[in-house]
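Engineer:
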Amino acid sequence: MFIQCYSIAQPKGGIPELNDAAWLITFAIALRGAYDTLAAASIVAVFLVIVGIGQMFVITSGNGNIDLSIPYVMTLSAFVSASVMQGQDGRMWPGILAGMLRGLVVASVTVVLILGLHLPAIIATLAVGFIVQSAALVRSQGFSADPSPSLVNFTSSRVAEYSRPLSDAVRQRGPRGQQAGHSGPGRGVRW
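Position one of the sequence shown corresponds to residue 2 (this note's numbering), numbered consecutively onward.
#1: Could you compute how far the alpha carbon of Val-194 sits from the alpha carbon of Gly-96?
#2: Thr-38 and Ala-31 look like a contact to me (Cβ under 8 angstroms); what is the Cβ gap, rounded to whole Å?
#3: Enumerate in chain order the residues of its own chain whose CB-to-CB distance from Gln-134 is below 6 angstroms, with the five nearest sequence positions on each side excluded.
#4: Use the C-beta contact count for Val-107: other C-beta atoms within 10 angstroms, 16 or more gives buried, fewer gives exposed.
#5: Let me know the secondary structure DSSP gives Ser-145 once reduced to three states.
#6: With distances taken from CA atoms, which of Pro-121, Ser-82, Asp-90 and Val-113 is nearest Arg-103?
#7: Return the Cβ separation of Ala-125 and Leu-114 in integer angstroms, given the expectation that the two are a contact with Cβ distance under 8 angstroms.
#8: From the DSSP secondary-structure annotation, give me the bridge partner or partners of Arg-159.
#9: For Ala-10, count neighbouring C-beta atoms within 10 Å of its own C-beta (all shown protein chains included) and say buried if the count is 16 or more, exposed if not.
#10: My assumption, with CB atoms under 8 angstroms, is that Val-52 sits in contact with Ile-67. Please give the rounded CB distance.
#11: Any idea what DSSP makes of Arg-33, helix, strand or coil?
#12: Is Ser-168 near Val-160, with beta carbons less than 8 angstroms apart?
#13: Starting from the C-beta of Val-50, find all residues in its chain whose C-beta is less than 8 angstroms away, skip the five residues before and the five after it, and write them out in chain order.
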């Protein structure tokens, strides 16, 4: 629909060559080859797409606000989760729960700033993001804990030639899209 409404002219000149050069430089720096570099990127991309879809629903179904603290909260939550897991499968679920609770605590602080102190959402989330980023930087000093081996195996496992989380996300896109479309906020989103 967007493509039908708006025509975007393809740039002429060196842009495609710069894009190709950026990929070649990335492959050379990674020292893994193109396939392995793209395979590693597909593992991370799934989680970023999930967050991006969440942000899309926040922006399109609300008044356009965006949470600028998400990358920092994800980083700090990963440190907290790995700290709780300590490389043990038996501590995987408590570690995941601890990371999620960290996110809820940060979200609660943000809500208090926005609704309680009447700060604009962009200012509140940016301020909270900087505080959480500082906490993540402090936590990363000398950090040596590992996540659960089962979690590592899941995120790096493959189905055919694709990462398992990627194939799971693709398989769930239809049902989750329908679920979102039938919810109150989902019906308000205009495509």
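Think of the CB as a built atom: it goes at the ideal place given N, C-alpha and C, for glycine as much as any other residue. Source: prediction; values computed, not measured.
Structural biologist: Reading off the structure:
#1: There is simply no residue 194 to check, as the chain begins at 2 and stops at 192 in what is shown.
#2: Beta-carbon to beta-carbon, Thr-38 and Ala-31 are separated by about 4 angstroms, close enough to satisfy the 8 angstroms threshold.
#3: Only Tyr-73 meet the Cβ criterion.
#4: That one is buried.
#5: It is coil, neither helix nor strand.
#6: Measuring from the Cα of Arg-103, the nearest candidate turns out to be Ser-82.
#7: Separation of the CB atoms of Ala-125 and Leu-114 is rounded to 4 angstroms, and the pair is thereby assigned contact status at 8 angstroms.
#8: Partner(s): Ser-164.
#9: For Ala-10, the predicted structure reports a pLDDT of 44, less than 50, and the residue's modelled location is therefore unreliable. The matter cannot be settled from this model.
#10: Taking C-beta atoms under 8 angstroms as the contact rule, Val-52 and Ile-67 fail to qualify, at a distance of about 12 angstroms.
#11: In this structure, Arg-33 counts as coil in the three-state DSSP scheme.
#12: Yes.
#13: Cβ-Cβ distances below 8 angstroms link Val-50 to Ala-170 in the same chain, with the five nearest sequence neighbours on each side left out; the list follows chain order.
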